[in-house]
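Going by our numbering, the first residue of the sequence shown is number 1192, and it counts up by one from there.
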Amino acid sequence: ATLRDDPLGGRAPVGFRYVLRGPIEPGVREAVRRVAEKVLRERGNVLLLQFEDCGGGDFQAARDLADDLRKLQADEGLFTVAFV
């Protein structure tokens, strides 16, 4: 069923990519929030996050970032794909 779901609700994908380098710290959460706001202003609906060399960061900051991204999808319809 997951493969048949339409996370964009029938909208055409308008994607943006952002590369995160270095450990996930509290400041990264704020940076990603600003990026997400910019994507939404530009009428984007897909955010591709690429994590590079992110080991050794703050677990709570990473968890808070994940919660923020989930909330953005629920509230604003911004679908996020993240990969390492």
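Idealized CB from N, CA, C, for every residue including glycine.
Secondary structure of G1246 (DSSP, three-state): coil. A direct Cα-Cα distance of roughly 19 angstroms separates G1268 from A1222. The three-state secondary structure of A1273, taken from DSSP, is strand. Assignment of L1199 by DSSP, reduced to helix, strand and coil, places it in the coil class. Taken through DSSP and simplified to helix, strand or coil, R1212 comes out as strand.
CA-to-CA, the gap between G1200 and K1229 works out to about 21 angstroms.
Residues I1215, V1219, R1220, V1223 of the same chain have their beta carbon placed closer than 8 angstroms to that of L1256, with the five preceding and five following residues left out of the count.
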